[in-house]
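Peer 1:
This is the structure we're talking about:
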């Protein structure tokens, strides 16, 4: 794979990750009128986001969605980005244990480690 292909593939993956993380909302009203008379009216309301993002912003889900699963509970936990690697982690874990991906540690963890020594 050439360098340009790697950038393009990474760019697409980053774009999809960002859209799912931040969310995308499409809200459109389309009307077809002839001589001031509306013949056709279409209202489009669509949202594209991860379950975690949708839950964070309070979007409604179909009644058939089971919100009692472990995965759903994990998705609704308060998360924050690691300052070093940018991966999202549960806030309590990030502050009390550090980042499990890159090893970053909060000031609180560093102080606790010094006190143990």
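Residue numbers (this note's numbering): 23 to 139.
All C-beta atoms in this analysis are idealised placements derived from N, C-alpha and C, irrespective of residue type, glycine included.
1. Who pairs with residue 53 in a beta bridge, going by DSSP?
2. If you check the beta carbons only, do residue 33 and residue 70 fall under 8 Å apart?
3. Whose C-beta lies closer than 6 Å to the C-beta of residue 98 among residues of the same chain, with five residues either side of it excluded?
4. Just to confirm, are residue 75 and residue 42 a CB contact at a threshold of 8 Å?
5. Helix, strand or coil for residue 101, going by three-state DSSP, please let me know.
6. Apart from the five residues on each side of it in sequence, which residues of its chain come closer than 8 Å, Cβ to Cβ, to residue 130?
7. Once the 5 residues before and after residue 101 are set aside, which same chain residues still bring their CB inside 7 Å of it?
8. Would you grab the beta carbon distance between residue 121 and residue 106 for me? Rounded to a whole angstrom, and I think it's under 8 Å.
9. Identify the residues that DSSP records as bridge partners of residue 46: which are they?
Peer 2: Short version:
1. In the chain shown, residue 53 corresponds to position 31, counting from 1. Per DSSP, 63.
2. Counting from one through the chain shown, the residue named residue 33 turns up at place 11. Counting from one through the chain shown, the residue named residue 70 turns up at place 48. No, Cβ-Cβ distance for residue 33 and residue 70 is not below 8 Å.
3. Within the chain shown, residue 98 is the residue found at index 76, counting from 1. Correct list, in chain order: 77.
4. Mapped onto the chain shown, residue 75 falls at position 53. Mapped onto the chain shown, residue 42 falls at position 20. Yes, they are a contact pair.
5. Residue numbering aside, residue 101 sits at position 79 when the chain shown is read from its first letter. Residue state, collapsed to three classes: strand.
6. By one-based count along the chain shown, residue 130 stands at place 108. Taken in chain order, the residues that qualify are 117 and 118.
7. Counted from its first residue, the chain shown places residue 101 at position 79. Correct list, in chain order: 110, 111, 112 and 113.
8. Numbered from its first residue, the chain shown carries residue 121 at position 99. Numbered from its first residue, the chain shown carries residue 106 at position 84. Confirmed, about 7 Å.
9. Counting from 1 along the chain shown, the entry for residue 46 is found at position 24. Answer is 70.
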